[in-house]
Amino acid sequence: MTTAVAAPFRFFSLTVVRTRRLGPSLLRVTFGGEELREFHSHGCDQSLSLFIPAEGQTEPHVPVELGDGWWQAWRELPDEVRAVMRSYTLRALRRDPDEIDIDFVLHGVEPGAERQAGRATPAGPASRWAAQAAPGHRVLLLGPALADNRAIRFRPPQGTDLALVWGDETAVPAVSAILEALPAGTRARVWLEVQHAADIQDLATEADAEITWFVRDQQGTEGTDRTDRTDRTDRTEGSPMALGAIRDAQLPSAERPYVWIAGESGRVKQLRRHFVGERGIDRRSVTFVGYWRQGMTEEQLRAAG
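The numbering used here puts the sequence shown at residues 279 to 583.
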């Protein structure tokens, strides 16, 4: 007797439901569609592949009808037709109605640019698409049909007694979901780096979390203190040098710490070396993910392996 095994990933045809600006360079897009009833994920940092229409197109062209042969056929499509693929993290999944949220970083948009009659254009095709997204716009999503899948990386070992988390703005959605999922009383030290102070978000968590925000456009300014719902200090630092600040940080003592770091690959590698080489944390308890690389497009990053 043969038992059918469900494929862990599949394509979902979705449309934009609404958009919401989270800050000068952050935009949330909500997608819906009947096919989302087959979308399942239990991960905090669930990775997705989003396909948006090529410039001048209204539909994302991906030859999904070819089954496993779609990838090669998609790559061979003309540039002016081939859908643009970008990797994102699931921010939220809701039912009744079935919807998902994906947060976009609008690279190249300065504060107030959206009020200047569209004179500022985001850099990159995904940023440009998101900045102009409107209800009814169509996309394809390659996402999970099984709730537990290999595109989930945040997996603290049993017995973890301290979570150490760093991410830049591309990792804010994953970090937000991680904080929401941490059980009450879990000790966590979190560092997040964004471009503008207005990109800072109030993050909900029941964990005993201390959250530090680094703001790149406030170099040389004094930080401001706020109190989050954990009654710990949530500081806005005026320095982009996360490595220096983390190296100088006094961390709580822990027997089984777990580290999760994601964002620009060069910074991720530096931080991993710090936590393993300087802090002495077991490399098996460090999860590191390069979401992007300075000076490279996603196509170039994939080609580089």
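Where a beta carbon is used, it is the ideal one built from N, C-alpha and C, also for glycine.
| Check | Outcome |
| --- | --- |
| Look at the alpha carbon of Phe553 and the alpha carbon of Asp560, and state the distance between them as a whole number of angstroms. | 9 Å |
| Pull up the distance between the alpha-carbon of Gln335 and that of Arg416, whole angstroms please. | 10 Å |
| Reducing DSSP to helix, strand and coil, say where Arg393 ends up. | Residue placement at Arg393 is poorly supported in this model, since its pLDDT is 36, which falls under 50; the coordinates still yield a value, given next. Helix. |
| Would the region 468 to 486 count as touching the region 307 to 318 if we require 3 or more Cβ pairs under 8 Å? | no |
| Is the beta carbon of Glu533 sitting closer than 8 Å to the one on Asp439? | yes |
| For Pro302, which of Ser563, His385, Arg465 has the nearest alpha-carbon? | His385 |
| Quick one: Cα of Phe290 to Cα of Leu314, how far? | 7 Å |
| Are the region 425 to 445 and the region 338 to 357 in contact at 8 Å, needing three or more beta carbon pairs? | no |
| Using only alpha-carbon positions, find the residue among Asp426, Glu458, Gly445 that is nearest to Phe492. | Gly445 |
| Within 10 angstroms of the Cβ of Arg545, are there 16 or more other Cβ atoms? Answer buried if so, exposed if not. | buried |
| Helix, strand or coil for Arg373? Go by DSSP, reduced to three states. | coil |
| Note down, in chain order, each residue of its chain lying with its Cβ closer than 7 Å to the Cβ of Thr464, except the 5 sequence neighbours on either side. | Ala441, Ala485, Asp486 |
| What are the boundary residues of the beta strand (DSSP E) that includes Pro422? | 416 to 422 |
| Can you tell me the Cα-Cα spacing of Leu292 and Arg525, whole angstroms? | 43 Å |
| Assuming contact is defined by CB atoms lying nearer than 8 Å, are Val468 and Leu418 in contact in what I supplied? | no |
| According to the Cβ coordinates, are Thr223 and Leu305 closer than 8 Å? | Residue 223 lies beyond the residue range present for the chain, which begins at 279 and ends at 583; the question has no answer from this structure. |
| Provide the residue(s) that pair with Arg299 in DSSP beta bridges, ordered along the chain. | Leu305 |
| Output the boundary residues of the alpha helix (DSSP H) element that contains Leu344. | Premise fails: Leu344 is in no alpha helix (DSSP H) and is neither H nor E. |
| Does the beta-carbon distance from Ala361 to Phe329 come in below 8 Å? | yes |
| Which runs of the beta strand (DSSP E) fall wholly inside the region 400 to 475 and span at least 3 residues, in chain order? | 416 to 422, 440 to 446, 465 to 472 |
| Return the CA-CA distance between Val359 and Ser405, expressed in angstroms with no decimal places. | 18 Å |
| Could you have a look at Gly568 and say whether DSSP puts it in helix, strand or coil? | strand |
| Buried or exposed for Gly541, going by 16 or more other Cβ atoms inside 10 Å? | buried |
| Are Asp323 and Ile489 closer than 8 Å when you measure CB to CB? | no |
| Going by the CB atoms, is the gap between Pro451 and Tyr536 shorter than 8 Å? | no |
| Thinking just about the alpha-carbon of each residue, which of Thr448, Ala462, Ser454 is nearest to the one in Gly568? | Thr448 |
| From the DSSP output, in three-state form, read off Ala523 for me. | helix |
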